[in-house]
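Enquirer: Mind the numbering: the sequence shown is residues 30 to 240 in the numbering used here, read in order.
Glycine included, each C-beta is placed from N, C-alpha and C at the ideal position.
The structure under discussion is supplied below as structure tokens; questions concerning it will follow.
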Amino acid sequence: MGSKSQQQVQATPSATSAFLVVMYIAAFVAAFNENIINVALHDIMAAFSVSATTAQWLVSGYMIVTSIFAAIMAFLSGRFSTRKLLFFACGCMVAGEVLCLVDLSFAVLLPSRILQAAGSGILFPLMMNVVLSCAPREKLGLYLSLGGACITLGPAFGPVISGLMCTLFGWRAVFVVPLVGGVVVAAAAAKLVRNVGERSNTKLELVLSCC
């Protein structure tokens, strides 16, 4: 099956480093966003008069959707360019954060959280794909470990910062930091991110992807 290359520009080492930093920050923001809701569950239950089982779907649903999008990234990266995927993921995250900040019901909060999860599910593997495509071969292990560190540190910092925000400003404030992070990543990506990798006609095998 034939494939066609994405449009690529020969980049200087400094441009490549800036590109990778943007992707690292994107992955960190996505990982940070993963656990921010945990510290606010009690307040959300009280605000919307929902049970713990219902509120827990804000966590479980996020994890399920993130896993689904991560599983189909091989298909998505073959069909869509790096920039399109990154902007789509950032758009999902930013839109989801805004909706969570202004929503008036749990029925809006849950889909908004799912929208954020779609962005996170794309950003994790997309960052790794970019590292594999752009990082110097002789230092690939270092760059991959930095990416892994971003994904690991995000959930570590998330509950701490969101807990502080929730205590000082209320539960809706936990969405402010990832909202700002998503906007910053999108703005930086507009200037620093380029398309990498190959486009292909990869077929989506739903059964295999979800196994």
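1) Hey, out of Lys220, Gly187 and Ala217, whose CA is closest to Ala60's CA?
2) Would the segment 209-228 count as touching the segment 153-166 if we require 3 or more Cβ pairs under 8 Å?
3) If you follow the alpha helix (DSSP H) that Lys168 is in, where does it begin and where does it stop?
4) Quick check on the DSSP output: what are the complete alpha helix (DSSP H) runs of length 4 or more inside the segment 53-82, in order along the chain?
5) In chain order, what residues of the same chain have a beta carbon less than 6 Å from the beta carbon of Ser238, not counting five sequence neighbours either side?
6) Identify, in the order they occur along the chain, each residue of the same chain with its Cβ nearer than 6 Å to the Cβ of Val13, setting aside the five sequence neighbours on each side.
7) By the 10 Å Cβ neighbour count, where 16 or more other Cβ atoms means buried, how is Arg166 classified, buried or exposed?
8) Tell me which same chain residues have a C-beta within less than 6 Å of the C-beta of Met122, skipping the five on either side of it?
9) Taking the alpha-carbon of Ile143 as reference, which of Leu114, Leu175, Phe98 and Leu115 has the nearest alpha-carbon?
10) Among residues of its own chain, excluding the 5 on either side of Leu155, which ones have a beta-carbon nearer than 6 Å to its beta-carbon?
11) Just to confirm the assignment: which complete alpha helix (DSSP H) runs, minimum length 4, are found wholly within the segment 194-225?
12) Tell me which residues share the same chain as Ala47 and place their Cβ nearer than 6 Å to its Cβ, disregarding the 5 neighbours each side in the sequence.
13) Classify Gly31 as buried or exposed, calling it buried when 16 or more other Cβ atoms lie within 10 Å of its own Cβ.
14) My guess is that Ala81 and Met74 are in contact by the Cβ rule of under 8 Å, so how many angstroms apart are they, rounded?
15) Please state the DSSP three-state secondary structure of Ile101.
16) Determine the closest residue to Ala56 out of Met157, Val79 and Ser96, with distance taken between C-alpha atoms.
Expert: Quick look at the numbers:
1) Checking every option, the nearest Cα to that of Ala60 belongs to Gly187.
2) Enough Cβ pairs lie closer than 8 Å, so yes.
3) Lys168 -> no alpha helix (DSSP H), and no H or E assigned at all.
4) Taking only runs of at least 4 residues, the alpha helix (DSSP H) segments lying wholly in the segment 53-82 are 70-77.
5) Here the model assigns Ser238 a pLDDT of 49, short of 50, so the residue's position is not dependable and the matter cannot be decided.
6) This structure gives no information on residue 13, because the portion of the chain shown stretches from 30 to 240.
7) An exposed status is given to Arg166, since fewer than 16 other beta-carbon atoms sit within 10 Å of its beta-carbon.
8) The answer, listed in chain order, is Gln145, Gly148 and Gly211.
9) The shortest Cα separation from Ile143 among Leu114, Leu175, Phe98 and Leu115 belongs to Phe98.
10) Beyond the five residues adjoining it in sequence on each side, Leu155 comes within less than 6 Å, by CB distance, of Leu114 in the same chain, given in chain order.
11) Runs found: 205-221.
12) These residues qualify, in order along the chain: Leu221.
13) The predicted position of Gly31 is uncertain, since its pLDDT is 43 and thus under 50; a value taken from the coordinates is nonetheless stated next. Answer is exposed; the Cβ neighbour count stays below 16.
14) Indeed, because the Cβ distance is near 6 Å, the residues count as touching under 8 Å.
15) Coil.
16) Among Met157, Val79 and Ser96, the Cα nearest to that of Ala56 is on Met157.
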